[in-house]
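> I'd like to ask you about the structure that follows.
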Amino acid sequence: SAASAPCIRPSAFVPARSRTHAMPAQKKGTKREAEVAVPVAKKARSDPAVAGVAEALEQASDLSDACRRMLLAGLPKCVVGERHEMQAAVVTMIGQVVSGVQAKYQEAVDAENFKLRDVEASKAELQETLAKAEEVLAADSKDVEAKTAILAAAAESAMSAKIVLQETQEAQHTGDAEMVEAQESKAGLVKGTETDLQTIVEGAAEDNSEHYEALLPLLTGLGLDQSLMSALPSVCVKKATDRGAFDAMVLDQLRKTLREKIDALSKSIDASLPAAQERESAVAAAQAQLDAATASQQAADEALSAAKAAEASAATAAKVAKDAVTAFEPAYSQAMQARDAQAQKLENFRLYNVGSFEIIRDQAIAPATTVGGA
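In terms of the working numbering, the sequence shown is residues -2 to 371.
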């Protein structure tokens, strides 16, 4: 590596010809000296490739100052005149240093790439979490939509069942009206016969006028003879001991008429019972249908409430996941910029500094012409 490269004293970079073959003395300022020495110095100072390699040597942080000075001093001598063994060795050492600096840049790029991979993995995980959260939210939203439709259908069914029940109850009320009236009439007649008439017949009370008044509404519509109706008030208020045969006949006729009316009403009620029972069964069925529809509507409403709660929870989770992805973008962008910056440094070094070295390394050096040579 550049750090382990042996350091050579700057004097070693003097061209071998200068050290082994003494050139004939020239007068100061001769034309020959002007033609050879001055252009060589100019070229060394102004060569951009030398500047690029020198910059690379300055960046070699693990190179000792002595070695750096030695290589910088020998660098210009490697681009002028014939390259001798020591100059070739310097070029090799400089190449090692340049490669080491390039490796450092590559290590920096690799480190940033490693960090970026970690960041990208975290970003991918966040994006996956967001995708799953949005998928759950979409499914929950569809579930809410479906359960809303179910609730609407259940509510419509419940309303229809309620209407059916109302219609069935109205039909029952209308159909049972005559039978109910007959039942009420029968109940009144039975009570009047067994209570009020019986008390009057027994004739034990001091005053039976109250019982007669209670019987009087029941007598309407019985078709009693007018003479019988005229005799009743006086007969009913008499005590049993004060009644004669006519009085007894009046009371017997009244009892008989009431009994016949009760029997007729019983037959009418019995004849109406089958239809009334059918109507009652229809009402019970309609009520059961309404109860079931109401229960279904309640269950659908509860299911919709649960679905909406799940949708709200999924929406919150999706927002949290989206916010996490958004908040992560700066970290991802920063990692990308850091990697790109290091990659750009590496590319710049490769194009300029390494390129400069390759120019020097591969430069075709024409053999130096000996003074007074053939």
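For every residue, glycine included, the Cβ atom is placed at its ideal position computed from N, Cα and C. Quantities reported herein were computed from a predicted structural model and do not represent experimental measurements.
Classify Gln250 as helix, strand or coil using the three-state DSSP reduction.
Within the sequence shown, residue 250 is the residue found at index 253, counting from 1. Of the three classes helix, strand and coil, the one that applies to Gln250 here is helix, per DSSP.
> For Ala155, I'd like the list of residues in its chain whose CB is within less than 6 Å of its CB, leaving aside the five on either flank, ordered along the chain.
Here residue 155 corresponds to residue number 158 of the sequence shown, with the count starting at 1. Excluding sequence neighbours, Ala155 sits near Ala290, Thr291 and Gln294.
> How is Leu215 classed by DSSP in three states: helix, strand or coil?
Along the sequence shown, one-based indexing puts residue 215 at 218. Residue state, collapsed to three classes: helix.
> Compute the Euclidean distance between the alpha carbons of Glu153 and Arg276, then round it to the nearest angstrom.
In the sequence shown, residue 153 corresponds to position 156, counting from 1. In the sequence shown, residue 276 corresponds to position 279, counting from 1. The straight-line gap from Cα to Cα measures roughly 25 Å.
> Is it a yes or a no for the segment 298 to 312 touching the segment 110 to 123, going by three-plus beta-carbon pairs under 8 Å?
Touching, no, given that fewer than three Cβ pairs across the two stretches are closer than 8 Å.
> Check each candidate in Ala86, Ala304 and Ala314 and name the one with the smallest Cα separation from Ala143.
Stepping through the sequence shown from its first residue, residue 143 is reached at position 146. Checked all of Ala86, Ala304 and Ala314; the closest Cα to Ala143 is Ala304.
> In three-state terms, what does DSSP make of Lys235?
Here residue 235 refers to the residue found at position 238 when the sequence shown is read from its first residue. Three-state DSSP puts Lys235 in coil, outside helix and strand.
> Across the segment 255 to 269 and the segment 234 to 241, are there enough close Cβ pairs to call them in contact, namely three or more that are closer than 8 Å?
No contact exists between the segment 255 to 269 and the segment 234 to 241.
> Rounded to a whole number of angstroms, what is the C-alpha to C-alpha distance between Leu127 and Lys139?
On the sequence shown, residue 127 is found 130 positions in, with the first residue counted as 1. On the sequence shown, residue 139 is found 142 positions in, with the first residue counted as 1. Taking the straight line joining both Cα atoms gives about 18 Å.
> When the Cα atoms are used, what is the spatial distance from Glu167 to Gly241?
If you number the sequence shown from 1, residue 167 lands on position 170. If you number the sequence shown from 1, residue 241 lands on position 244. Their Cα atoms are separated by approximately 53 Å.
> Find the nearest neighbour of Met226 within the set Val87, Glu104 and Thr254, judged by alpha-carbon distance.
In the sequence shown, counting from the first residue as 1, residue 226 sits at position 229. Ranking the options by Cα distance to Met226, first place goes to Thr254.
> Does Ile91 pass the burial test, meaning 16 or more other C-beta atoms within 10 Å, or should it be called exposed?
Along the sequence shown, one-based indexing puts residue 91 at 94. Buried, because 16 or more other Cβ atoms sit within 10 Å of the Cβ of Ile91.
> Just tell me which of Gln195, Ala130 and Leu69 has its CA closest to the CA of Ala311.
Walking along the sequence shown from the start, residue 311 turns up at place 314. Selected option, being the one with the closest Cα: Ala130.
> Leaving out the 5 sequence neighbours to the left and right, which residues in its chain are closer than 6 Å to Gln360 when beta-carbon positions are compared?
Locating residue 360 in the sequence shown gives position 363, counting from the first residue. Closer than 6 Å at Cβ, skipping near neighbours: no residue.
> How about His208 and Asp193: are their beta carbons less than 9 Å apart?
Along the sequence shown, read from residue 1 onward, the residue named residue 208 stands at position 211. Along the sequence shown, read from residue 1 onward, the residue named residue 193 stands at position 196. Taking 9 Å as the Cβ cut-off, His208 and Asp193 qualify as a contacting pair.
> Beta carbon of Cys64, beta carbon of Ile357: below 9 Å?
Working through the sequence shown from its first residue, we reach residue 64 at position 67. Working through the sequence shown from its first residue, we reach residue 357 at position 360. For Cys64 and Ile357, no; Cβs fall outside 9 Å.
> Can you say whether Asn350 is buried or exposed, counting buried as having 16 or more other CB atoms within 10 angstroms of its CB?
Taking the first residue of the sequence shown as position 1, residue 350 is located at position 353. Buried.
> To which residues of the same chain is Ser265 closer than 7 Å at the C-beta, ignoring the five residues directly before and after it?
Translated into the one-based positions of the sequence shown, residue 265 becomes position 268. Cβ within range, chain order: Ala179.
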